[in-house]
Structures are given as C-alpha cells and as structure tokens.
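S.K.: Taking the working numbering, the leading residue of the sequence shown gets 105, the next gets one more, and so forth.
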Amino acid sequence: MGLFIAVVPVLVTLLLLAFSRISAAIPPLLGTVSAAIIALWYFDTPVENLVAAWNDTFWTLIKVLAIIGGGVLLSGVMDRTGAQRRLAGWLSAGGPGVASALLMAHGVVPFLETVTGFGVSVLIGLPLLLSFGFTPYRAALLTLLGLMIGPWGSMGPGTLIAADAAGASLTDMGLMSGWMNLVPFVISGIAVAIIAGNGYTATNIPGRRKVFWAAVGAGSGVVLWGFTMTANLLLGTPVAGAVATLIMAVLWLILIRRGRLTPGPGRSLVPYLVLLVGTIIGQILYRSIDLGVLGEIMSSPALWSTTAALTALTFMNMQPGDERALPKAALQMWWAVAIPTALYVLLG
105 MGLFIAVVPV LVTLLLLAFS RISAAIPPLL GTVSAAIIAL WYFDTPVENL VAAWNDTFWT
165 LIKVLAIIGG GVLLSGVMDR TGAQRRLAGW LSAGGPGVAS ALLMAHGVVP FLETVTGFGV
225 SVLIGLPLLL SFGFTPYRAA LLTLLGLMIG PWGSMGPGTL IAADAAGASL TDMGLMSGWM
285 NLVPFVISGI AVAIIAGNGY TATNIPGRRK VFWAAVGAGS GVVLWGFTMT ANLLLGTPVA
345 GAVATLIMAV LWLILIRRGR LTPGPGRSLV PYLVLLVGTI IGQILYRSID LGVLGEIMSS
405 PALWSTTAAL TALTFMNMQP GDERALPKAA LQMWWAVAIP TALYVLLG
C-alpha cells in the first residue's frame, strides 16, 4: 500500500500532462503539493526533513535556472541578429540525402540542443531540414531523432540534478549516462539513415542499399557516442555533448562539401565558440584549482552563455525594435520555462 501511495504524486503529474490546455506549471505544482501532503499525512515525515530537503535542493535549483536564463538569452540574440539564418543558409547547401540528414540529426540539432535547449533546436532544425528539401513529415521525424542528446541538453542541468540527488560527481553521472545512451545513439542513426533514404517505404530500393544506409547510421551513432564519452571524461559533462556534436557536424560537412568548408558563416559562429571555450576553461580550472564559489561560477554554462550573448551584441547588428523587445521576450521565455522546471525539481 505504501508503494502505491508513494507514486500518487507522479501519477497525478502524468495524468495532468495529458491535458494540453492547462498551464505547463500546473502538473508539477499539483504533483509537488500532493507529494508534500502525502509525506506529512501518510508517512509522518517531520516538517524539518522537508525543510532540509528544500535547503539541499536550493542551490542546485539556482544553478539550473541560471543555465536556463543564459540559454534563452543566447537563443534570442542569435535569432534577432540573423545569425541563425546565416548558419542555416550555410548548412543547407548539401540538399536532401542520408549524409545531410545525419549532419542535422547527429550534428546541428543536438548541438543546438546542448548550447540552448528548451525546444530551440526543434524550432531551428525543422525549418532547416525543410530548406534542405525534405518533406515536412520526414523533416519532423529527423528533427525529433536529433534530440537523443538529452543528458547533455542545455549544458546538462538535468544531469547536474541527478548527480546531486545521487551524491555522485557530475563527471561520473555524465559517464554513466553515456553508457546508458549508446543504444539510443545507434538506433537514432539507423532510423535517420533509413528515413532520409526513403528506405522504410520504397519497394524499389535494393536491400543491400538499405543495409548500407543502416550501417552508416549506426556507425555515425557509435562515433558520436565515442566523442561524447571522451569529451565527458576530458572536458567535463556540461560541454561534452556540445563538443561531440560540433565535431560530428564538422566531419559530416567535410564529407558533404568534399573537404571545402568555405565560404563559411563567418562571425555567426563566434558566440557558440565563446560558450564552448569559456565553459571548457572554467571546467578545467574548477577541477584543477580549489577556487570555492568563484570556481563554481566560472565553470557554469550560465556565465558563458550570457557572455556569449553579450559578445554577440558587440558586433552583430540588430534592429532597434528588436533591441527593445529582446529583454522582455527573453524574460518571458525564461519565466515560462523556469517555473515548471523549478516545480519539477522540487517534486523530485
């Protein structure tokens, strides 16, 4: 009986998620309230224990909300300065095909998910795949298959929460997540290759070609997994997904463009490089030197995503109307994401 009562808050949350018209904050809010009531009433949990749980969670929650804020700000700047469109034009030159699909699903889409997150990768990846020449149905499937980078999305706040809850280091939790995600990486690659090659519906395609496509997709998944694990071990969990997917994107671009990456998107890549390099340096310093709170700040993606956004504003042009609208739009988007996220953290 106790086990059933314990899962009631989770069931309440899942049930409410089925209602698409209610606010995103309602399911975790009611789930959290029901969890607190059950803990106090059924399990006789002392109030002091709930307060202690809140205190243990507070700083993790602050870190997560800061990471979300930096990612939202960077996304808004890149969109309103036109940098995203310039990147899209550069990437879409290869046209539809298996290689282009794997470039997007194992490179561009998961890279955007790691450096911004919160669905931004879908908003950018889907139109980009349409510009490649894929049908809307295939473009949607390929975009969603690019979200297999989950544990490293948004520079890993979810993995940070899991590490704190388990009492493990962030690097160890990232490596464990990597071992668990080998199969999803491989399956996503196979699915992407078959979908892009029209191999799951066409009857006039030789079986050997379908097998070859599947092998290429599986190989891409294994290589991406290897890069992710290596980056996780050497550079830290927050940047592991971004580094690995960036390398994969470059490799597929080299293959598609036959070794020629120029003319490129120019300065549009600079903010992402600031985010990556800054976070990598911060992680190395944090693991090498005891800097206390300063070390935690320097290693946080929140600092470097905000720095990247501010850096972009120094050399990228933005319309006056967009300059005025950006702070309010970024704050509204952050609020819409932050409140449900905070409630889910408290529910956990």
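The beta carbon of each residue, even a glycine, is placed where N, CA and C say it ideally should be.
Quick check on S324: buried or exposed, where buried means 16 or more other Cβ atoms within 10 Å of its Cβ?
M.R.: The residue in question, S324, is buried, as its Cβ has 16 or more Cβ neighbours within 10 Å.
S.K.: Would the region 421–437 count as touching the region 180–188 if we require 3 or more Cβ pairs under 8 angstroms?
M.R.: Yes, the region 421–437 touches the region 180–188.
S.K.: Report the residue ranges of all alpha helix (DSSP H) runs contained in full by the region 314–380; include only those spanning at least 4 residues, in chain order.
M.R.: Complete alpha helix (DSSP H) runs here, min 4: 341–360.
S.K.: Exposed or buried, what is R242 when buried is set at 16 or more other beta-carbons lying within 10 Å of its beta-carbon?
M.R.: Buried: at least 16 other Cβ atoms inside 10 Å.
S.K.: Taking the beta carbon of L81 as the centre, do at least 16 other beta carbons fall within 10 Å, making it buried, or is it exposed?
M.R.: Outside the shown range of the chain (105 to 452) lies residue 81, about which nothing can therefore be said.
S.K.: Leaving out the 5 sequence neighbours to the left and right, which residues in its chain are closer than 7 angstroms to I291 when beta-carbon positions are compared?
M.R.: Around I291: no qualifying Cβ.
S.K.: For Y448, which of helix, strand or coil comes out of DSSP?
M.R.: Helix at Y448.
S.K.: Tell me whether T149 sits in a helix, a strand or coil according to DSSP, three-state version.
M.R.: Three-state DSSP puts T149 in coil, outside helix and strand.
S.K.: DSSP state of Q423, grouped into three classes?
M.R.: Coil.
S.K.: Can you give me the C-alpha to C-alpha distance between I166 and I388, rounded to a whole angstrom?
M.R.: Roughly 22 angstroms separates the two Cα atoms.
S.K.: Counting pairs of beta carbons, one from the region 139–156 and one from the region 189–209, are three or more of them closer than 8 angstroms?
M.R.: Taking 8 angstroms as the limit for Cβ pairs, the verdict is that the region 189–209 does not touch the region 139–156.
S.K.: Can you tell me the Cα-Cα spacing of I360 and L398, whole angstroms?
M.R.: Answer to the nearest angstrom: the Cα atoms are 43 angstroms apart.
S.K.: According to the Cβ coordinates, are G175 and S404 closer than 7 angstroms?
M.R.: Not closer than 7 angstroms, so no.
S.K.: Please determine, among A170, G250, T218, the residue with the shortest C-alpha to C-alpha distance to L233.
M.R.: Of A170, G250, T218, the residue nearest in Cα terms is G250.
S.K.: Specify, as a first and last residue, the run of the alpha helix (DSSP H) that R190 falls within.
M.R.: Per DSSP, R190 belongs to the alpha helix (DSSP H) from 187–195.
S.K.: How close, in whole Å, do the beta carbons of T117 and L451 come, if the pair is a contact with beta carbons under 8 angstroms?
M.R.: Yes, T117 and L451 are in contact; Cβ-Cβ is about 7 angstroms, under 8 angstroms.
S.K.: On the DSSP letters alone, give me the boundaries of the alpha helix (DSSP H) that V114 sits inside.
M.R.: Note, V114: alpha helix (DSSP H), 106–121.
S.K.: Let me check understanding here. Comparing Cα to Cα, which of G425, L379, I385 lies closest to M259?
M.R.: For the residues G425, L379, I385, the minimum Cα distance to M259 belongs to L379.
S.K.: In whole angstroms, what is the alpha-carbon distance linking M284 and E427?
M.R.: Rounded to whole angstroms, M284 to E427 spans 43 angstroms at the Cα level.
S.K.: With the cut-off set at 7 angstroms, would you say F215 and A353 are in Cβ contact?
M.R.: Contact flag set, yes.
S.K.: If we ignore side chains and look at the alpha-carbon of each, how far apart do A128 and P444 end up?
M.R.: The alpha-carbon atoms of A128 and P444 are separated by roughly 6 angstroms.
S.K.: Nearest CA to the CA of G229: which residue from V212, T239, V219, F238?
M.R.: Closest by alpha carbon: V212.
S.K.: Can you tell me the Cα-Cα spacing of L191 and A110, whole angstroms?
M.R.: Approximately 48 angstroms between the Cα atoms of the pair.
S.K.: Whole angstroms are fine: how far does the CA of A266 sit from the CA of W145?
M.R.: Their backbone Cα atoms lie some 27 angstroms apart in a straight line.
S.K.: Answer yes or no: do G425 and N336 have a C-beta to C-beta separation smaller than 7 angstroms?
M.R.: Not a contact, by the Cβ cut-off of 7 angstroms.
S.K.: Taking only runs that begin and end inside the region 204–270, name each unbroken alpha helix (DSSP H) of 4 or more residues, in chain order.
M.R.: Here the runs fully enclosed are 213–219, 224–236, 240–249, 261–270.
S.K.: I'd like the list of long-range same chain contacts for A406, defined as Cβ closer than 6 angstroms, with 5 residues on each side in sequence excluded.
M.R.: So the list reads A170, I171, G174, once near-sequence residues are dropped.
S.K.: Can you tell me whether G180 is helix, strand or coil according to DSSP?
M.R.: DSSP places G180 in helix when its eight states are reduced to three.
S.K.: Just verifying my parser: in three-state terms, what is the DSSP assignment at R125?
M.R.: Note: R125 maps to coil in three-state DSSP.
S.K.: Do you know offhand how far T164's Cα is from A157's?
M.R.: If you take the alpha carbons of T164 and A157, they lie about 12 angstroms apart.
S.K.: Please classify W439: is it buried, with 16 or more other beta-carbons within 10 angstroms of its beta-carbon, or exposed?
M.R.: It is exposed - the Cβ of W439 has fewer than 16 other Cβ atoms within 10 Å.
S.K.: With the cut-off set at 7 angstroms, would you say T341 and T263 are in Cβ contact?
M.R.: A contact, by the Cβ cut-off of 7 angstroms.
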